[in-house]
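Asks: This is the structure, below, for whatever I ask next.
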Amino acid sequence: MTDGTPHQAEAPTPTAPAGTPATLEPEPTAPVPAPAGTPATREPEPAAPADPPAAPADPSTTSADPSDTHAELTGLERTALYKSLGNPLRRRILDYLGRHGEANSTVLARELGESSGTTSYHLRKLAEQRLIEEIPEKSGGRERWWRSLPFSHTTPDPATMTPAEYAAAEHLALLKIEVDTRLFRRAHEEYRGPQGWAQVQRTGTWMTKDDLHAFVRAYQELLDRHSHPDDAVPEGARRVNLRFYAAPETGDEENGAQADR
Numbered sequence: 252m253t254d255g256t257p258h259q260a261e262a263p264t265p266t267a268p269a270g271t272p273a274t275l276e277p278e279p280t281a282p283v284p285a286p287a288g289t290p291a292t293r294e295p296e297p298a299a300p301a302d303p304p305a306a307p308a309d310p311s312t313t314s315a316d317p318s319d320t321h322a323e324l325t326g327l328e329r330t331a332l333y334k335s336l337g338n339p340l341r342r343r344i345l346d347y348l349g350r351h352g353e354a355n356s357t358v359l360a361r362e363l364g365e366s367s368g369t370t371s372y373h374l375r376k377l378a379e380q381r382l383i384e385e386i387p388e389k390s391g392g393r394e395r396w397w398r399s400l401p402f403s404h405t406t407p408d409p410a411t412m413t414p415a416e417y418a419a420a421e422h423l424a425l426l427k428i429e430v431d432t433r434l435f436r437r438a439h440e441e442y443r444g445p446q447g448w449a450q451v452q453r454t455g456t457w458m459t460k461d462d463l464h465a466f467v468r469a470y471q472e473l474l475d476r477h478s479h480p481d482d483a484v485p486e487g488a489r490r491v492n493l494r495f496y497a498a499p500e501t502g503d504e505e506n507g508a509q510a511d512r
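This is the structure we're talking about:
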């Protein structure tokens, strides 16, 4: 398995560390303990931190992605975006569209157990934030069909956020951490060796900040090279959830500070 960010690179918004990719999938229920036969990792498990992280952050990754589809948002617009991505029903709508390609309010009402009036309202709100768009060739009269749009967003430094924006980003980040924890457990449970679909890789190494940023750019390039758009999926392809995290070791702050001077 590979720990990385989803190809629709959503950037992290605030939550303890600074980055949690946004994957739109149903909220996890109860986590299942990982079985004994999980793949060996290349470094020992770190000791649990004495104190919980101070600041949450997330909708995706903090990498500077030139294809950021929501780059020029104001603080108020980002707050609204994070609230939408953190809304349980809107997350389920986005997940359904991501898996099935298109739907109208009636289809979503039936599949999600809601009224068509409710799903129609949330579809319009998602469209206002450029997360979905109407399919004009299928829409007519009161029947409007929708499809998801490519999404990429880099969360700004939490220190620059207003309290309202930070609270919305934190709420979203905590939801994503739950989803990501579930995915991490699944990756270990479904691991069947280096030739299987589920892959896990972890490592620790020395990097400068420039090295790390170059690595993140190369990672994005690899995603672009090996991914396929929804309208050109080859035979045998499956939707794969990738996550990428990078965090410096605690205790190395002095080295990092010297490098920044």
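Here our numbering runs 251 ahead of the position in the sequence shown, where the first position is 1. Backbone N, C-alpha and C define an ideal beta-carbon position, used for all residues, glycine too. From a predicted model like this one, the values you see are computed outputs, not experimental measurements.
Based on the DSSP secondary-structure assignment, which residues constitute the bridge partners of I383?
Replies: Position 132 of the sequence shown, counted from the start, is the residue given in the question as residue 383. For I383, which the question treats as bridged, DSSP gives the partners S399.
Asks: Tell me the DSSP bridge mates of A465?
Replies: Numbered from its first residue, the sequence shown carries residue 465 at position 214. BP columns for A465 are empty, so no partner.
Asks: Where G513 and G364 are concerned, what is the direct C-alpha to C-alpha distance, given to the nearest angstrom?
Replies: This structure cannot speak to residue 513, because the chain is shown only from 252 to 512.
Asks: In three-state DSSP terms, what is E486?
Replies: Counting from one through the sequence shown, the residue named residue 486 turns up at place 235. Residue state, collapsed to three classes: coil.
Asks: So if DSSP puts A354 in a beta bridge, which residue, or which two residues, is it bridged to?
Replies: If you number the sequence shown from 1, residue 354 lands on position 103. In the DSSP output, where bridge partners are listed per residue, A354 has W397.
Asks: Going by the beta-carbon positions, is the gap between S399 and L348 smaller than 7 Å?
Replies: For the purposes of this step, residue 399 is taken as the residue at position 148 of the sequence shown. For the purposes of this step, residue 348 is taken as the residue at position 97 of the sequence shown. Contact flag set, yes.
Asks: If you follow the alpha helix (DSSP H) that R329 is part of, which residue opens it and which one closes it?
Replies: Counting from one through the sequence shown, the residue named residue 329 turns up at place 78. Per DSSP, R329 belongs to the alpha helix (DSSP H) from 326-337.
Asks: For A410 and A497, I'd like the C-alpha separation in whole angstroms.
Replies: Indexing the sequence shown from 1 puts residue 410 at position 159. Indexing the sequence shown from 1 puts residue 497 at position 246. Each residue's Cα considered, the two are about 19 Å apart.
Asks: How would you call T370, buried or exposed, if buried means at least 16 neighbouring beta carbons within 10 angstroms?
Replies: Stepping through the sequence shown from its first residue, residue 370 is reached at position 119. Buried, because 16 or more other Cβ atoms sit within 10 Å of the Cβ of T370.
Asks: Would you say the segment 411-425 touches the segment 378-387, given that touching needs at least three Cβ pairs under 8 Å?
Replies: With a cut-off of 8 Å, the segment 378-387 and the segment 411-425 do not count as touching, because too few Cβ pairs lie within range.
Asks: Take A331 as the anchor and find which of Q446, K376, R494 has the nearest alpha-carbon.
Replies: Taking the first residue of the sequence shown as 1, we reach residue 331 at position 80. Closest by alpha carbon: K376.
Asks: Which ranges would you report for the alpha helix (DSSP H) in the segment 402-450 if only whole runs of at least 4 residues count?
Replies: Fully enclosed alpha helix (DSSP H) runs of 4 or longer: 414-440.
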